[in-house]
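Here's the structure, in structure tokens; my notes come after.
4 protein chains.
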Amino acid sequence: MKPLIVVNFKTYERATGRKAFGLARKIAEVAKQSKTKWAVCPQHADLWMARYLEIPVFAQHVDACEPGRNTGFVTPYSLKINKVKGSLINHSEHRIAFKEIKSAVNLMRKYNLTSIVCANSVREARRIAKEIKPDYIAVEPTELIGTGISVSETKPKIVASAAKAVKKYGVKFLCGAGISKGSDVKRAMELGADGVLVASAIANSSTPKKIIKEFANALR
Amino acid sequence: MKPLIVVNFKTYERATGRKAFGLARKIAEVAKQSKTKWAVCPQHADLWMARYLEIPVFAQHVDACEPGRNTGFVTPYSLKINKVKGSLINHSEHRIAFKEIKSAVNLMRKYNLTSIVCANSVREARRIAKEIKPDYIAVEPTELIGTGISVSETKPKIVASAAKAVKKYGVKFLCGAGISKGSDVKRAMELGADGVLVASAIANSSTPKKIIKEFANALR
Amino acid sequence: MKPLIVVNFKTYERATGRKAFGLARKIAEVAKQSKTKWAVCPQHADLWMARYLEIPVFAQHVDACEPGRNTGFVTPYSLKINKVKGSLINHSEHRIAFKEIKSAVNLMRKYNLTSIVCANSVREARRIAKEIKPDYIAVEPTELIGTGISVSETKPKIVASAAKAVKKYGVKFLCGAGISKGSDVKRAMELGADGVLVASAIANSSTPKKIIKEFANALR
Amino acid sequence: MKPLIVVNFKTYERATGRKAFGLARKIAEVAKQSKTKWAVCPQHADLWMARYLEIPVFAQHVDACEPGRNTGFVTPYSLKINKVKGSLINHSEHRIAFKEIKSAVNLMRKYNLTSIVCANSVREARRIAKEIKPDYIAVEPTELIGTGISVSETKPKIVASAAKAVKKYGVKFLCGAGISKGSDVKRAMELGADGVLVASAIANSSTPKKIIKEFANALR
Numbered sequence: 030m031k032p033l034i035v036v037n038f039k040t041y042e043r044a045t046g047r048k049a050f051g052l053a054r055k056i057a058e059v060a061k062q063s064k065t066k067w068a069v070c071p072q073h074a075d076l077w078m079a080r081y082l083e084i085p086v087f088a089q090h091v092d093a094c095e096p097g098r099n100t101g102f103v104t105p106y107s108l109k110i111n112k113v114k115g116s117l118i119n120h121s122e123h124r125i126a127f128k129e130i131k132s133a134v135n136l137m138r139k140y141n142l143t144s145i146v147c148a149n150s151v152r153e154a155r156r157i158a159k160e161i162k163p164d165y166i167a168v169e170p171t172e173l174i175g176t177g178i179s180v181s182e183t184k185p186k187i188v189a190s191a192a193k194a195v196k197k198y199g200v201k202f203l204c205g206a207g208i209s210k211g212s213d214v215k216r217a218m219e220l221g222a223d224g225v226l227v228a229s230a231i232a233n234s235s236t237p238k239k240i241i242k243e244f245a246n247a248l249r
Numbered sequence: 030m031k032p033l034i035v036v037n038f039k040t041y042e043r044a045t046g047r048k049a050f051g052l053a054r055k056i057a058e059v060a061k062q063s064k065t066k067w068a069v070c071p072q073h074a075d076l077w078m079a080r081y082l083e084i085p086v087f088a089q090h091v092d093a094c095e096p097g098r099n100t101g102f103v104t105p106y107s108l109k110i111n112k113v114k115g116s117l118i119n120h121s122e123h124r125i126a127f128k129e130i131k132s133a134v135n136l137m138r139k140y141n142l143t144s145i146v147c148a149n150s151v152r153e154a155r156r157i158a159k160e161i162k163p164d165y166i167a168v169e170p171t172e173l174i175g176t177g178i179s180v181s182e183t184k185p186k187i188v189a190s191a192a193k194a195v196k197k198y199g200v201k202f203l204c205g206a207g208i209s210k211g212s213d214v215k216r217a218m219e220l221g222a223d224g225v226l227v228a229s230a231i232a233n234s235s236t237p238k239k240i241i242k243e244f245a246n247a248l249r
Numbered sequence: 030m031k032p033l034i035v036v037n038f039k040t041y042e043r044a045t046g047r048k049a050f051g052l053a054r055k056i057a058e059v060a061k062q063s064k065t066k067w068a069v070c071p072q073h074a075d076l077w078m079a080r081y082l083e084i085p086v087f088a089q090h091v092d093a094c095e096p097g098r099n100t101g102f103v104t105p106y107s108l109k110i111n112k113v114k115g116s117l118i119n120h121s122e123h124r125i126a127f128k129e130i131k132s133a134v135n136l137m138r139k140y141n142l143t144s145i146v147c148a149n150s151v152r153e154a155r156r157i158a159k160e161i162k163p164d165y166i167a168v169e170p171t172e173l174i175g176t177g178i179s180v181s182e183t184k185p186k187i188v189a190s191a192a193k194a195v196k197k198y199g200v201k202f203l204c205g206a207g208i209s210k211g212s213d214v215k216r217a218m219e220l221g222a223d224g225v226l227v228a229s230a231i232a233n234s235s236t237p238k239k240i241i242k243e244f245a246n247a248l249r
Numbered sequence: 030m031k032p033l034i035v036v037n038f039k040t041y042e043r044a045t046g047r048k049a050f051g052l053a054r055k056i057a058e059v060a061k062q063s064k065t066k067w068a069v070c071p072q073h074a075d076l077w078m079a080r081y082l083e084i085p086v087f088a089q090h091v092d093a094c095e096p097g098r099n100t101g102f103v104t105p106y107s108l109k110i111n112k113v114k115g116s117l118i119n120h121s122e123h124r125i126a127f128k129e130i131k132s133a134v135n136l137m138r139k140y141n142l143t144s145i146v147c148a149n150s151v152r153e154a155r156r157i158a159k160e161i162k163p164d165y166i167a168v169e170p171t172e173l174i175g176t177g178i179s180v181s182e183t184k185p186k187i188v189a190s191a192a193k194a195v196k197k198y199g200v201k202f203l204c205g206a207g208i209s210k211g212s213d214v215k216r217a218m219e220l221g222a223d224g225v226l227v228a229s230a231i232a233n234s235s236t237p238k239k240i241i242k243e244f245a246n247a248l249r
């Protein structure tokens with residue numbers, strides 16, 4: 030199984046609208062040349078790009094609801110119909126209750142969509158893996174988010190134990206938080222990760238192509 | 030000033046994806062023929078249609094945040110960039126705190142986007158009009174939502190006093206809840222409304238064209 | 030094999046841009062409800078709709094050229110990449126040489142795209158069927174094009190002999206020219222057609238939904 | 030008036046579909062950073078990108094016809110409706126009769142679209158300038174097309190006299206054929222050009238960003 034690099038575009042200005050598409054194209058180009066596996070998570074209003082890209086497009090959040098009376102919410106059904114392949118769930122900037130995570134993952138499964146649930150501790154990751162079994166769990170220890178300090182470098186034990194806890198239940202493990210260099214990606218893989226979840230290092234970079242290539246090279 | 034009919038597509042299956050676009054086209058056709066003024070509110074994942082329609086497209090919800098670290102939220106900036114013209118805010122199915130409504134409306138104003146704030150009582154409407162001054166306030170009394178009972182028929186006093194309360198502050202007033210027939214639209218206008226907010230009567234109808242025409246005729 | 034109704038949008042104003050999409054949606058709705066098989070041929074600049082429709086989108090013309098130095102021409106490759114499923118070739122308003130038809134059909138085959146070659150006589154149809162073997166041949170006798178006079182009603186012998194000539198070579202046969210009523214469709218099928226090619230009756234109608242339903246009913 | 034760089038994508042594989050959009054985004058990025066003026070000419074099936082780009086999108090060819098019965102042709106009206114801003118006309122790979130050029134330019138003018146007519150000699154350019162007065166004339170001497178030999182370097186006299194002949198009639202002049210380096214652009218401007226028309230150097234390059242920047246720098 031090839032490792033997966035998931036790029037969260039957040040709501041960065043340089044990853045919005047047509048610029049988001051340009052960034053996604055750069056990722057798609059490198060993906061093809063390097064034969065590495067990537068997915069992008071643009072904002073809700075930019076999900077149109079799912080119809081144009083050859084790499085999978087994921088939402089940044091999805092709500093646990095079916096079609097009907099749910100003004101302003103994002104249904105798995107609306108993702109499916111619009112060619113979106115999955116979604117982040119419970120990102121540290123968009124936390125939801127455990128019960129809701131469970132409902133959302135189950136609904137995503139019904140529509141054959143991929144779920145990447147975020148967790149901010151090994152403990153939370155283990156519980157989600159055991160009781161919900163999403164496709165992926167991305168672990169981002171709260172204290173490292175947005176610091177530029179890589180979890181794989183400074184807390185290798187956390188990564189290794191998260192990997193073990195999650196994979197024990199047949200769930201794939203993504204290493205998040207502070208992944209900003211090729212060496213971070215490499216280290217994460219050595220510690221047992223099935224991929225990484227990255228945001229600002231690529232989505233808020235003024236030279237994204239360079240970083241994208243660096244990440245791809247780290248997987249060779 | 031022409032009255033405005035705002036159609037909330039909610040997450041109805043028959044108002045999702047390409048079907049949402051087909052519905053919006055029917056509205057656009059009637060709008061043109063009858064010279065009436067309409068706006069549509071498709072789901073987030075369907076906002077791509079803003080690039081294709083000649084009538085304004087609004088979001089169903091927007092968050093009070095600027096570009097940056099806000100995974101899974103909808104920024105006014107992302108709407109602007111994607112040709113969306115405004116948004117519903119505080120819909121009864123997606124209530125937010127008063128402070129958040131204020132921040133959202135202010136941010137929408139910064140980007141030259143139209144705000145339609147929903148309120149579920151005359152009292153709430155008055156406070157929003159006075160302290161926030163959005164472009165529109167849509168009043169939907171809680172007890173009537175989704176009942177098919179029209180506020181303009183059963184509670185004409187509420188409508189008239191809401192209209193008065195809101196327009197006093199220079200804010201336009203939309204009559205919501207239970208608007209399902211042409212006569213409801215007509216009555217709402219007589220009671221002082223600047224337009225109506227409608228959902229299921231059009232967005233979940235098996236014969237939407239008929240209803241759309243009926244609404245347009247009511248405005249003549 | 031279900032009969033196929035192909036709708037050529039030509040460059041009619043009411044079948045251009047967002048209006049073309051609205052028309053295509055009406056066809057898609059009837060197709061689904063009636064379980065009949067349709068394809069639409071919008072203008073080149075409207076081929077974007079192939080990404081949004083569940084019924085197949087065909088081009089109105091394609092050139093026999095591969096990617097490279099061909100300014101202003103339409104390559105089969107560009108159709109493929111943009112989710113277009115096939116093309117009309119040699120339409121009576123856009124005739125090309127026999128040799129070019131052959132090259133175009135061969136190239137379409139290479140990219141797994143469906144070819145519908147038009148012919149304006151039984152003789153031409155037979156030659157194309159025998160020597161080129163496209164997926165479909167649509168026969169439109171020159172003298173009837175745009176007259177509103179149906180070939181199946183006034184020249185049943187032509188239709189029957191065209192059907193025979195074409196199907197002998199394993200090519201499917203579409204009846205064109207003057208197909209404007211449900212009864213025309215019905216008669217064409219009785220005379221051996223595998224479907225019809227229609228244009229103005231639907232693409233330039235002020236009440237297209239009515240005609241679309243009539244055509245669908247004729248196939249039951 | 031800022032000089033204009035027009036990039037003809039032809040039907041190059043690496044300038045088709047989503048790849049075409051990625052290329053256009055790179056051009057748009059450099060355009061913004063360098064404050065230079067660019068336009069892109071993607072294939073017909075890729076004109077959807079006009080809705081997504083902030084730089085103008087032109088067609089590679091347009092036909093002199095109004096909406097109606099013109100299967101497979103590209104009307105100025107269909108460009109207008111789809112947000113396309115203009116078109117190349119009479120490109121050396123897609124030559125049309127003088128009379129047709131005239132009709133096409135007149136029709137483009139009616140729809141407020143920009144015409145760039147190509148000519149393969151000073152003589153042809155002069156006649157078009159005098160009798161048709163399009164917005165731009167691009168001169169590409171036949172013997173240099175696709176050679177990589179720059180007209181501005183090897184035939185400076187042709188460029189200078191073409192510039193003079195065209196601008197005399199108030200028409201803007203683009204230098205074409207063999208423009209492949211920044212120095213070609215610079216030289217063309219010195220010889221009186223209002224811009225350049227370039228194709229393979231950018232649209233068929235494996236390192237387009239580098240060349241795009243080089244062109245932009247040449248205009249400073």
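From first to last, the protein sequence lines are chains A, B, C and D.
Using the numbering used here, the letters of the first sequence map in sequence onto residues 30 to 249.
Using the numbering used here, the letters of the second sequence map in sequence onto residues 30 to 249.
Using the numbering used here, the letters of the third sequence map in sequence onto residues 30 to 249.
Using the numbering used here, the letters of the fourth sequence map in sequence onto residues 30 to 249.
Beta carbons: idealized from backbone N, C-alpha and C, even for Gly.
- Under the Cβ distance rule, D:Glu58 counts among the residues neighbouring chain A, one pair being separated by less than 8 Å.
- A:Thr171 places its beta carbon less than 8 Å from that of A:Asn149.
- Taking the CA atoms as reference points, A:Val200 sits about 59 Å from C:Phe127.
- For A:Lys31, same chain residues with a beta-carbon under 6 Å away, outside a window of 5 residues either side, are Lys66 in chain order.
- For the pair C:Thr40 and D:Cys94, the CB atoms are nearer than the 8 Å cut-off.
- By the neighbour-count criterion, in which 16 or more other beta carbons inside 10 Å mark a residue as buried, C:Gln62 falls on the exposed side.
- Proximity of chain D to C:Tyr106 at the Cβ level (cut-off 8 Å) is accounted for by Thr40, Glu42 and Thr45, in chain order.
- Those residues of the segment 70-98 of chain A placed with their C-beta closer than 8 Å to a C-beta in chain D are Tyr81, Leu82 and Glu83, ordered along the chain.
- Residues of chain D with a Cβ closer than 7 Å to the Cβ of C:Leu52 do not exist; the shortest Cβ-Cβ separation is about 14 Å.
- From the beta-carbon of B:Glu129, no residue of chain A is found nearer than 7 Å; the closest lies around 13 Å away.
- By the criterion of a C-beta distance shorter than 7 Å, B:Ala57 is surrounded in its chain by Leu82, Glu83 and Ile84, once the five residues flanking it on both sides are discounted.
- Cβ neighbours of B:Lys131 within its own chain (closer than 6 Å, five residues either side excluded): Ile161.
- For B:Gly101, a Cβ of chain A is located within less than 8 Å of the residue's own Cβ.
- At a cut-off of 8 Å, the C-beta of C:Asn37 has a neighbouring C-beta in chain D.
- Taking B:Asp92 as the centre and dropping the five residues before and after it, the same chain places the C-beta of Phe102 and Val103 closer than 6 Å to its C-beta, in chain order.
- Proximity to B:Ala167 across B:Lys210, B:Lys139, B:Glu243 and B:Ser121 peaks at B:Ser121, based on C-alpha coordinates.
- Inter-residue distance for A:Ala222 and A:Ala68 is about 16 Å (C-alpha atoms, whole angstroms).
- In the structure shown, D:Asn135 adopts helical secondary structure according to DSSP, grouped into three states.
- Distance from the CA atom of B:Gly115 to the CA atom of B:Ser107, rounded to whole angstroms, is 11 Å.
- Counting along the chain, A:Gly221 sits inside no alpha helix (DSSP H), nor does DSSP assign it H or E at all.
- Going by beta carbons, A:Ile145 and A:Val35 fall inside the 8 Å limit.
- Out of A:Leu142, A:Ala230, A:Lys193 and A:Pro237, the CA that lies nearest to the CA of A:Met218 is found in A:Lys193.
- In the three-state reduction of the DSSP assignment, C:Leu108 falls in the helix class, which pools H, G and I.
- Under the Cβ criterion of 8 Å, C:Asn111 is counted among the residues facing chain D.
- When secondary structure is reduced to three states using DSSP, C:Ser229 falls in the helix class.
- Non-local beta-carbon contacts of A:Tyr140 in its own chain, meaning distances under 8 Å to residues more than five positions away in sequence, involve Pro105, Tyr106, Leu108 and Lys109 in chain order.
- Distances from the CA of A:Asp164 to each of A:Met137, A:Ser181, A:Ser190 and A:Pro237 were compared; the closest alpha carbon is that of A:Met137.
- DSSP lists no beta-bridge partner residue for B:Thr100.
- With a beta-carbon spacing of about 5 Å, B:Leu220 and B:Ala189 fall inside the 8 Å limit used to define contacts.
- For C:Ala192, the enclosing alpha helix (DSSP H) begins and ends at Pro185 to Lys196.
- Cβ proximity to chain B below 8 Å picks out nothing from the segment 131-154 of chain A.
- Beta-bridge partners of D:Asn37 (DSSP): D:Cys70.
- Bounds of the beta strand (DSSP E) holding A:Ala148 are Thr143 to Ala148.
- Taking a contact as a CB-CB distance under 8 Å, the pair B:Ser181 and B:Cys147 does not count as one, their CB atoms being some 16 Å apart.
- Within its own chain, the residues whose Cβ lies closer than 7 Å to the Cβ of D:Pro237, once the five positions on either side in sequence are excluded, are Leu52, Lys55 and Ile231, listed in chain order.
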